[in-house]
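Only one structure is covered here, and it is reproduced in the block below.
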Amino acid sequence: MNQSNPSVKKELLATLQSEITNLKIFNHTDLFEKITYEESDLPVCIIKDLNDSISIPSSGNWKIQSNLEIAILHTDGLESIDLTNQILKFIGILPQHRFIYVVEEINKEAGYLDFSFFKTSINLQVSYFNLNWEL
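Take 16 as the starting number for the sequence shown in the numbering used here and just add one per residue.
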């Protein structure tokens with residue numbers, strides 16, 4: 016593959032990571048979940064590429080639906096509301112000409128490493144077409 020022509024999926028993930036980083040509300044924005052985080056690392060945003068489904072409509076182009084999770088790790092339960100709202104506003108202003116973004120669900124849970132933390136997960140479905148028959 017020519018590196019000057021990245022896949023659409025790589026473009027999607029890089030765009031999300033870059034734009035969320037530009038919000039400047041997280042200490043880190045990762046494309047994978049680390050085994051552990053320190054309390055001083057939080058709040059952290061993790062973009063997880065969960066799965067893809069592909070259909071081929073009559074146009075012959077691949078229609079790809081990618082399921083992503085935008086996970087927010089933080090130490091203050093009330094902080095969840097502000098951070099989630101910032102991400103939702105960000106998703107709402109993303110250009111829809113290449114990717115179509117749909118928020119499917121928001122989950123909240125508490126966890127414990129060496130400290131207690133909260134995790135908010137925004138499940139996002141992103142649809143796009145690809146002429147190159149690849150993700």
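Where a beta carbon is used, it is the ideal one built from N, C-alpha and C, also for glycine.
- Using a C-beta cut-off of 8 Å, the segment 129-137 makes contact with the segment 73-92, since at least three inter-stretch Cβ pairs fall below that distance.
- Excluding five sequence positions before and after L103, the CB atoms of its chain that fall closer than 8 Å to its own CB belong to V118, I137, given in chain order.
- For Q140, the enclosing beta strand (DSSP E) starts and ends at 131-145.
- Scanning E94, I69, A29 for the CA closest to the CA of P58 turns up E94.
- In chain order, F133 place their CB closer than 6 Å to the CB of A125, counting only its own chain and leaving out the 5 sequence neighbours on each side.
- In the DSSP assignment, L98 falls within the unbroken alpha helix (DSSP H) covering 94-108.
- Put simply, the backbone Cα of L65 is about 22 Å away from that of L146.
- Per DSSP, L28 is one residue of the alpha helix (DSSP H) stretching across 23-37.
- Collapsing the DSSP output to three states places S55 in a helix.
- DSSP, read as helix, strand or coil, puts N66 in strand.
- By the criterion of a C-beta distance shorter than 7 Å, L109 is surrounded in its chain by Y116, once the five residues flanking it on both sides are discounted.
- Taking the Cα positions, I40 is about 11 Å away from N100.
- Rounded to the nearest whole angstrom, the CA to CA distance from A29 to L150 is 14 Å.
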